[in-house]
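Chemist: Line order of the protein sequences matches chains A and B.
Add 1075 to a position in the first sequence, counting from 1, and you land on the number used in my numbering.
Add 28 to a position in the second sequence, counting from 1, and you land on the number used in my numbering.
Pasting a structure below so you can have a look.
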Amino acid sequence: MALHDIRLKVNGVEYTAQVEPRLLLVHLIRDVLGLTGTHIGCDTTHCGACTVLLNGEPVKSCTVLAVQADGGEVLTVEGLERDGQLHPIQEGFREEHGLQCGFCTPGMMMSAYALLQQNPNPTEEDIRFAISGNLCRCTGYVNIVKAIQYAARKLHPPQ
Amino acid sequence: MGVWYMPPFELVQPRDLDGALKHLADWATDTKILAGGTDLLPSMRQRLFEPRYLLAVGRLPELRGIAWEDDWVRIGAAETLNAVAEHPQLCQAFPALTEAAASVAAYNIRNMGTLGGNVCLDTRCHWYNQSYFWRKGIGFCLKKDGSVCHVAPGGRQCWAAYSGDTAAALVALEAQLRLVAPTGERLVPVREFFLNDGQRRFVLRPDEILTEVRIPQWMAGYQGRYFKYRIRQAVDYPLVGVAVLVRTSGPRVLDVRVGLTAVNPMPRYFDVPSEWLEDPPEAWVERVVEAVVRLARPLKTSLLVSPAYRQHLVRVFTRRGLRSLLALPTAA
Ligand SMILES: Cc1cc2nc3c(=O)[nH]c(=O)nc-3n(C[C@H](O)[C@H](O)[C@H](O)COP(=O)(O)OP(=O)(O)OC[C@H]3O[C@@H](n4cnc5c(N)ncnc54)[C@H](O)[C@@H]3O)c2cc1C
Ligand code: SF4
Ligand code: FES
Ligand code: FES
């Protein structure tokens, strides 16, 4: 099996790697680059725990070949915090109790991040639509919605 | 690494359509086409496909773009479902299509999943869309690795349900598909593309690439809606999908069409005969509903709900669509 040389930016850092074509993006991120914030919760593309941003759009990284991300930019949960300062989305999850076991949280936050980039003032319905591909077994979602609303207010304070 | 390993394959990443066709000229029967991979990659982990080559078409420039050209609206097959669902002019012109696209899977899947992959979606069945281990446990089935059908035992046919959402709208819209092979290309009306056979599925040959979906511009004058039933939003494939299209001029109803998916091995459609439309809608709405219900033959390809319930929902959705688009009072 021919190996492929790929080059991609993850959280602003340039990486090169030689990968088998069947290597999934999530395995590249976790096992090759050692960024284990991105989780794997299923084998069937159902759960969304693996959600990362690929070229600005949220995708399930367990269903993208690492090679398909060649030349692209990836943002994972590790890329949210800046200089030891939590991103308002992370702060929101802490303040509003948006997690219990935390397994879904990295994927949730990436979907939330993409939403707030495109829609700074989402309604509750917009938020629920945006995170519909992210399953949570613990919270019942109510506090996740509140966490994202917290972040929206913090990022764009009402005038 | 995950428990369900991805089988090995060679990835071919041509720069343009010509490069892709060159590969297909030699290796068509050993190749699966990879677009967004949102159906193919999970299926490969279940060992439903173990191709020698994957041919990546997602970045081919010839498969991109959404444009109004002559009498057609051309949508590149590799445009993502979100690009289709969020395209303002498409939403205006073909609401049934954009609603169907917006209803596929979930937002973070629609950023990879393409319109072409949705049209060419494999048929689905409870006994088929399972891991290798699971399928081995029941002795496999006719569609893959086995010799019996668990849905219609004794038969020689596979009844797996075609479960692409956008096809319901596309058959009603009389869309056409451009299929390009190393030896030439052809335009196939979407109404003639599918086969009522869960195994053969459609007339696409292994050496053909779907490059574009095109919709006649005159279909932009229709109002449309898409109705879908599934158990878990954002996770499950449709168990029923109904697209309803209506064209009116003042009080006159000029044309009515219904497209149907997820209840047969192929999508179906019903064009209301124009003579019916000379009478007021109340005279024919229920006749249309029953005609559409007769097209639906859901079987036990899903164990989540009964075939009778899915048939019932075809009736409910068709009636709801017609009555809302024709501004009739809701039926009691
Ligand atoms: C959790 C989950 C839920 C889902 N829910 C739905 C749903 O509700 N409704 C629905 O319709 N789908 C659903 N899907 C399936 C899938 O996400 C979509 O159908 C999507 O549009 C497939 O597009 P893709 O580009 O990812 O196709 P791929 O997976 O890349 O390909 C699908 C098939 O089409 C063939 N193909 C792709 N492009 C071409 C081309 N240009 N020419 C020739 N052949 C081609 C491939 O060889 C393959 O056989 C779901 C998937 C998951 C994982
Ligand atoms: S309909 Fe029968 S042959 Fe087809 S996938 Fe289901 S069990 Fe297998
Ligand atoms: S790990 Fe579950 S969707 Fe990717
Ligand atoms: S907090 Fe446990 S899965 Fe969401």
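Every residue gets a Cβ at the ideal spot worked out from N, C-alpha and C, and that includes glycine.
Predicted model, so just to flag it, every value in this text is computed and none were measured.
Would you kindly report the start and end of the unbroken beta strand (DSSP E) that includes A/Glu-1089?
Modeler: For the purposes of this step, residue 1089 of chain A is taken as residue 14 along the first sequence, with counting starting at 1. Unbroken beta strand (DSSP E) run through A/Glu-1089: 1088-1094.
Chemist: Helix, strand or coil, according to DSSP, for B/Leu-83 in the structure here?
Modeler: Here residue 83 of chain B refers to the residue found at position 55 of the second sequence. The answer is strand: DSSP assigns B/Leu-83 an E or B state.
Chemist: So which residues on chain B does A/Glu-1132 lean against when the C-beta distance must stay under 7 Å?
Modeler: Working through the first sequence from its first residue, we reach residue 1132 of chain A at position 57. Per Cβ cutoff of 7 Å: Asn-139.
Chemist: I need the DSSP call for B/Asn-224, collapsed to helix, strand or coil.
Modeler: Position 196 of the second sequence, counting from 1, holds the residue named residue 224 of chain B. It is coil, neither helix nor strand.
Chemist: Should B/Gly-30 be labelled buried (16 or more other beta-carbon atoms within 10 Å of its own) or exposed?
Modeler: Position 2 of the second sequence, counted from the start, is the residue given in the question as residue 30 of chain B. At B/Gly-30, the pLDDT of 41 sits below 50, so the modelled position is not reliable; the number obtained from the coordinates is stated separately. The residue in question, B/Gly-30, is exposed, as its Cβ has fewer than 16 Cβ neighbours within 10 Å.
Chemist: Measuring from the CB of A/Gln-1175, is there a heavy atom of ligand 4 at a distance below 6 Å?
Modeler: In the first sequence, residue 1175 of chain A corresponds to position 100, counting from 1. Answer for A/Gln-1175: yes, Cβ within range of ligand 4.
Chemist: Is the stretch 134-147 of chain B touching the stretch 1196-1215 of chain A in the sense that three or more CB pairs, one from each, lie closer than 8 Å?
Modeler: Because the criterion of three Cβ pairs below 8 Å is met, the stretch 1196-1215 of chain A and the stretch 134-147 of chain B touch.
Chemist: Between which two residues does the alpha helix (DSSP H) harbouring A/Ile-1104 extend?
Modeler: Walking along the first sequence from the start, residue 1104 of chain A turns up at place 29. No alpha helix (DSSP H) holds A/Ile-1104; DSSP gives it neither H nor E.
Chemist: Compute every distance between the C-beta of B/Leu-62 and the non-hydrogen atoms of ligand 1, then say whether any falls below 6 Å.
Modeler: On the second sequence, residue 62 of chain B is found 34 positions in, with the first residue counted as 1. B/Leu-62 Cβ: within cutoff of ligand 1.
Chemist: Below 6 Å, is the gap between the Cβ of B/Ile-103 and the nearest heavy atom of ligand 3?
Modeler: The sequence position of residue 103 of chain B within the second sequence is 75, counting from 1. Outside the cutoff, so no.
Chemist: Mapping DSSP to helix, strand and coil, what is B/Arg-280?
Modeler: Indexing the second sequence from 1 puts residue 280 of chain B at position 252. Looking at B/Arg-280 - three-state DSSP - the assignment turns out to be strand.
Chemist: Please report the distance separating the alpha-carbon of B/Met-294 from that of B/Leu-223.
Modeler: Indexing the second sequence from 1 puts residue 294 of chain B at position 266. Indexing the second sequence from 1 puts residue 223 of chain B at position 195. Distance between the alpha carbons of B/Met-294 and B/Leu-223 is about 6 Å.
Chemist: How is the beta strand (DSSP E) around B/Gly-104 delimited, first residue to last?
Modeler: Position 76 of the second sequence, counted from the first residue, corresponds to residue 104 of chain B. Note, B/Gly-104: beta strand (DSSP E), 100-104.
Chemist: Any beta carbon from chain A within less than 7 Å of B/Asn-136's own beta carbon?
Modeler: The residue labelled residue 136 of chain B in the question sits at position 108 within the second sequence. Yes, B/Asn-136 counts as interfacial toward chain A.
Chemist: Per DSSP, what kind of secondary structure is A/Ala-1222 in: helix, strand or coil?
Modeler: The residue labelled residue 1222 of chain A in the question sits at position 147 within the first sequence. DSSP places A/Ala-1222 in helix when its eight states are reduced to three.
Chemist: Compute the minimum distance between the beta carbon of A/Cys-1213 and the heavy atoms of ligand 1, and state whether it is under 6 Å.
Modeler: As a working mapping, residue 1213 of chain A is identified with position 138 in the first sequence. Checking the Cβ of A/Cys-1213 against ligand 1 gives no.
Chemist: Nearer than 6 Å: is that true of the beta carbon of A/Cys-1179 relative to any heavy atom of ligand 4?
Modeler: As a first step, residue 1179 of chain A is located in the first sequence; it is residue number 104 there, counting from the start. Yes, the beta carbon of A/Cys-1179 sits closer than 6 Å to at least one heavy atom of ligand 4.
Chemist: Taking the Cβ atom as the reference point for each residue, do B/Cys-148 and B/Lys-171 lie within a distance shorter than 7 Å?
Modeler: Translated into the one-based positions of the second sequence, residue 148 of chain B becomes position 120. Translated into the one-based positions of the second sequence, residue 171 of chain B becomes position 143. No, these two residues do not count as a Cβ contact at 7 Å.
Chemist: What does A/His-1079 reach in chain B if we use C-beta pairs closer than 8 Å?
Modeler: To locate residue 1079 of chain A, count along the first sequence from 1; it is residue 4. Neighbours of A/His-1079 on chain B, chain order: Leu-39.
Chemist: At a Cβ threshold of 7 Å, is B/Pro-36 touching chain A?
Modeler: Residue mapping note: residue 36 of chain B aligns to position 8 of the second sequence, counting from 1. Yes - at least one Cβ of chain A is within 7 Å of the one on B/Pro-36.
Chemist: Check for me: the alpha helix (DSSP H) holding B/Ala-124 runs from which residue to which?
Modeler: Stepping through the second sequence from its first residue, residue 124 of chain B is reached at position 96. Its alpha helix (DSSP H) spans residues 123-130.
Chemist: Strictly by DSSP, which residues pair up with B/Cys-169?
Modeler: By 1-based counting over the second sequence, the position of residue 169 of chain B is 141. B/Cys-169 is bridged to B/Lys-172, B/Asp-173.
Chemist: Exposed or buried, B/Asn-292, counting other C-beta atoms within 10 Å across all chains shown (16 or more means buried)?
Modeler: Taking the first residue of the second sequence as 1, we reach residue 292 of chain B at position 264. Buried, because 16 or more other Cβ atoms sit within 10 Å of the Cβ of B/Asn-292.
Chemist: The stretch 41-65 of chain B: which residues have C-beta closer than 7 Å to a C-beta of chain A, in chain order?
Modeler: Within the stretch 41-65 of chain B, the qualifying residues are Gly-65.
Chemist: Shorter than 6 Å, the distance from the beta carbon of A/Gly-1182 to the closest heavy atom of ligand 5, or not?
Modeler: Absence of ligand 5 is noted for the structure shown, with ligand 1, ligand 2, ligand 3 and ligand 4 being the only ligands found.
Chemist: Determine, using beta carbons only, whether A/Val-1107 comes closer than 7 Å to chain B.
Modeler: Indexing the first sequence from 1 puts residue 1107 of chain A at position 32. Chain B, which has no Cβ nearer than 7 Å to the Cβ of A/Val-1107, makes this no.
Chemist: Which bits of chain A does B/Pro-70 rub up against, with CB to CB less than 7 Å?
Modeler: For the purposes of this step, residue 70 of chain B is taken as the residue at position 42 of the second sequence. Those are Thr-1119, Thr-1120, Thr-1138, listed as they occur along chain A.
Chemist: State whether the stretch 195-203 of chain B contacts the stretch 31-43 of chain B, with contact taken as three or more CB pairs (one from each stretch) at a distance under 8 Å.
Modeler: No, they do not touch.
Chemist: Can you look up A/Arg-1097 in the DSSP assignment and give me helix, strand or coil?
Modeler: Position 22 of the first sequence, counted from the first residue, corresponds to residue 1097 of chain A. A/Arg-1097 falls in the coil class under three-state DSSP.
Chemist: Measure the alpha-carbon distance for A/Arg-1203 versus B/Phe-221 and round it to whole angstroms.
Modeler: Indexing the first sequence from 1 puts residue 1203 of chain A at position 128. Indexing the second sequence from 1 puts residue 221 of chain B at position 193. Using only the alpha carbons, I get a separation of about 36 Å.
Chemist: Alpha carbon to alpha carbon, what distance is there between A/Ala-1187 and A/Gly-1147?
Modeler: For this step, residue 1147 of chain A is matched to residue 72 along the first sequence. For this step, residue 1187 of chain A is matched to residue 112 along the first sequence. Taking the straight line from one Cα to the other gives about 21 Å.
Chemist: Which residue from B/Arg-351, B/Leu-82, B/Phe-37 puts its Cα closest to that of B/Asp-235?
Modeler: As a position in the second sequence, residue 235 of chain B is number 207, starting the count at 1. Nearest option by C-alpha distance: B/Leu-82.
Chemist: Helix, strand or coil: how does DSSP classify A/Gln-1165 here?
Modeler: Counting from 1 along the first sequence, the entry for residue 1165 of chain A is found at position 90. A/Gln-1165 falls in the helix class under three-state DSSP.
Chemist: Does the beta-carbon of A/Leu-1111, which I'm using as the reference point, lie nearer than 6 Å to any heavy atom of ligand 3?
Modeler: Along the first sequence, one-based indexing puts residue 1111 of chain A at 36. Sequence inspection shows Thr at residue 1111 of chain A; the Leu mentioned does not correspond to that position. False, no ligand heavy atom lies under 6 Å from that Cβ.
Chemist: Which class does B/Tyr-156 belong to by DSSP, given the choice of helix, strand or coil?
Modeler: Position 128 of the second sequence, counting from 1, holds the residue named residue 156 of chain B. Coil, per DSSP.
Chemist: Could you tell me the boundaries of the alpha helix (DSSP H) in which B/Pro-357 lies?
Modeler: Here residue 357 of chain B is taken as the residue at index 329 of the second sequence, counted from 1. Looking at the DSSP string, B/Pro-357 is not in any alpha helix (DSSP H), and its letter there is neither H nor E.
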